Every structure is written in structure tokens, then in C-alpha cells.
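One structure is given here, and the rest of the page talks about it.
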Amino acid sequence: NFIWHLRLKNLTVFKAQFGHTSCVKGWKEDPVLHRWVRDQRDNYVKMKKNKRMSLTPERIKLLNQIGFQWTAQRSTEKTKLV
Numbered sequence: 003n004f005i006w007h008l009r010l011k012n013l014t015v016f017k018a019q020f021g022h023t024s025c026v027k028g029w030k031e032d033p034v035l036h037r038w039v040r041d042q043r044d045n046y047v048k049m050k051k052n053k054r055m056s057l058t059p060e061r062i063k064l065l066n067q068i069g070f071q072w073t074a075q076r077s078t079e080k081t082k083l084v
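This note's numbering numbers the first residue of the sequence shown as 3 and each following residue consecutively.
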């Protein structure tokens, strides 16, 4: 639970810096954030299919509050980090 909230905080900082929540793989400031974002999306898909997952309604609400993008965007200039 603590780790999940820490990652949410890190994603909030990422969004403030880059304007979106599509963290790219290999972001040097937080290399595991991309995997965490992907895991949230995967869990959301599992939830939609009524499969077991760890994403609670409260977590969905918190992610929605920061404007979480539930589907991954293709790599574009907007999502690339320089």
C-alpha cells in the first residue's frame, strides 16, 4: 500500500513535469515508474474482464483524479523524453 501511494506520488510529479501520465520505458529519473503505470493499465483490463487483480475502486478514483491515461499512447514527440 505504501509503495503504491509512493508510485502515485511519483506519477503526479511526472505529470506536472511532462503534462501526461504516459511514462516511457527507461525514464532515468524513475526507471520502475513505466512498469508501475503498465501494471495499473493491465489491472484495469483484468477488472473489466472480471478477473482477479489488485486495483481497488479507491485506487481507480485516485488515478482518475490525476488524469491517468488508461490506454497507452503510441510513441510520439509528446511522450518522448529528452
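Built from N, CA and C at the ideal position, the CB exists for glycine as well. Only a predicted model underlies this, so the values are computations on that prediction, with no experimental measurement involved.
{"Check": "Segment contact flag, the stretch 45 to 52 with the stretch 17 to 25, C-beta cutoff 8 Å, min 3 pairs", "Outcome": "no"}
{"Check": "Simplified DSSP state of Gln75, which is helix, strand or coil", "Outcome": "coil"}
{"Check": "Residue nearest to Lys30 in terms of C-alpha spacing, selected from Arg61, Ala74, Gln42 and Asn12", "Outcome": "Asn12"}
{"Check": "Nearest-angstrom Cβ-Cβ length linking Leu64 and Gln42, presumed shorter than 8 Å", "Outcome": "About 10 Å separates the two Cβ atoms, so there is no contact after all."}
{"Check": "Collapsed DSSP secondary structure at His90 in the structure displayed", "Outcome": "Any question about residue 90 goes unanswered here, given that the chain covers just 3 to 84."}
{"Check": "Simplified DSSP state of Val39, which is helix, strand or coil", "Outcome": "helix"}
{"Check": "Status (buried if at least 16 other CB within 10 Å, exposed otherwise) for Phe4", "Outcome": "exposed"}
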